[in-house]
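Shown next, in structure tokens, is the structure this report addresses.
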Amino acid sequence: MASPPVLSRTLRYGGKADEARVSARAATLAAAVPLVFLHVNHQPSVSLPVGGTSVDVTLADLAILAVALTAVASGLRRGLRPTSVRYGRYRVLDVGCGVKPYLPFFEPFADAFVGVDVADNPHADVRGRVEDLPVEDGLFEIVLCNQVLEHCDDPTHAVRELRRVVAPGECVLASTHGVQVYHPAPEDLWRWTHAGRDRLFSQNGDWASLSVRPGSGTTACLGMLLAHYVDLVAQKARARVLGKPLVAALNLGARGLDRRVPSLRELIPGSLIATCHVVAEAPR
Ligand SMILES: C[S@@+](CC[C@H](N)C(=O)[O-])C[C@H]1O[C@@H](n2cnc3c(N)ncnc32)[C@H](O)[C@@H]1O
């Protein structure tokens, strides 16, 4: 992973440098293509010494070479460019991106999908902490931060950073654990109720709107925990494959029960919610 650049508008769009490159490519092609079709007898040529002899090189040869080099250079540049300039409409920042599991959902609609991670992560485009993002203000239309806040030193500062980098009128989509087993990555420090998450966001940003909704219900949370330990036991018994159907049945059954009993999906005293989803919209 590269050392952390500050993501700026210039870097994102390629700015004037990209426009100049595109114009130069177009000019090269416009000049070169007609030359390829000029009859060889009408072409000026130069003799280049090669070893003990000489080779006549026509303008058409040079034109073909220029076109080929331009194509290779443009292909290479596309491949080497950060993911940030490859796609369609939204610019998405995935903070604490892990293995970028959400990329497939946004890819068809995004013209940038930039992953930031604190760790030496081959999936990340930029290294950085959520509490101190190496990103210009208001640069991204969607800022994702899923299952990360529980790992960071200072969640209040982190939320202020998420607010800083989201564009006016656009959204932060965040989720954090209410209930989960201890899972350091590299630390595991916090858990929140839905009310705690609401307070964390409302006190650390001037949001135009804020919603905190349960990602699943109380039975799904219990099912998830039970399934986790079934999986651990199956691993210890070196029979993980055999444990999988039971894990799937526990998760599916629990979710099914939540769907049938509305009170199990509600945020009421006694509820147990694994993860809540936060949608925080920045003012225009
Ligand atoms: C549980 S994983 C979640 C990965 C991914 N967002 C997902 O939902 O699958 C937590 C991620 O947050 C990253 N992380 C931990 N502390 C962080 C921090 N202070 N700033 C940014 N990322 C952090 C970890 O390296 C890891 O990739």
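Residue numbering for the sequence shown follows my numbering, starting at 7 and increasing by one per position. The C-beta atom is built at its ideal place from N, Cα and C for all residues, glycine as well. In this text, all values refer to a predicted model and were calculated from it rather than measured experimentally.
Per DSSP, residue i is paired with what?
i, result
"Y293", "Coverage of the chain is limited to positions 7 through 290, which leaves residue 293 absent and any answer about it impossible."
"R135", "D138"
"D123", "R133"
"S215", "E287"
By the three-class DSSP mapping on this structure, what secondary structure does residue i have?
i, result
"V149", "strand"
"R84", "Because the pLDDT of R84 is 47, which lies under 50, any placement of that residue in the model is unreliable, and the number read from its coordinates should be weighed accordingly. Helix."
"S53", "strand"
"T199", "coil"
"H283", "strand"
"R290", "coil"
"P220", "strand"
"A245", "coil"
"P190", "coil"
"D204", "helix"
"V105", "coil"
"S269", "helix"
"G262", "helix"
"V154", "coil"
State the start and end residues of the unbroken alpha helix (DSSP H) segment that holds residue i.
i, result
"T225", "T224 to K242"
With 9 Å set as the bound, which would you pick, yes or no: does the beta-carbon of residue i sit closer than that to a beta-carbon of chain B?
i, result
"L155", "The structure shown contains no chain B; it is built from a single protein chain."
Residues in the same chain with beta-carbon distance under 6 Å from residue i, minus the five sequence neighbours each way, listed in chain order, please.
i, result
"N152", "S181"
"L270", "G223, T224, T225 and D264"
"E147", "Y96, R97, A173 and E176"
"D5", "Residue 5 lies beyond the range of the chain shown here (7 to 290); nothing can be said about it."
"T162", "N210"
"V361", "Since the first residue of the chain shown is 7 and the last is 290, residue 361 is not available in this structure."
"R246", "A240"
May I ask which residues mark the beginning and end of the beta strand (DSSP E) holding residue i?
i, result
"H183", "V172 to H183"
"S60", "T59 to T64"
Closer than 8 Å to a non-hydrogen atom of ligand 2 - does that hold for the CB of residue i?
i, result
"P192", "With respect to ligand 2, the structure shown offers nothing to examine, as its ligands consist of ligand 1."
Can you list, in chain order, the residues of its chain whose CB lies under 8 Å from that of residue i, leaving out five sequence neighbours each side?
i, result
"V122", "L99, D100, V101, G102, C103, A130, D131, V132, R133, G134, V136, L139, P140 and V141"
"R290", "P174, G175 and A214"
"V187", "L231 and H234"
Among the residues of its own chain, which have a CB less than 7 Å from the CB of residue i, if the five just before and after it don't count?
i, result
"V236", "G249, L252, V253 and L256"
"S208", "L216"
"S277", "T224"
"C227", "V185, L278, I279 and A280"
"R87", "In this predicted model, R87 has a pLDDT of only 44, less than 50, meaning its place in the structure is not dependable enough to derive any value."
"D212", "P289"
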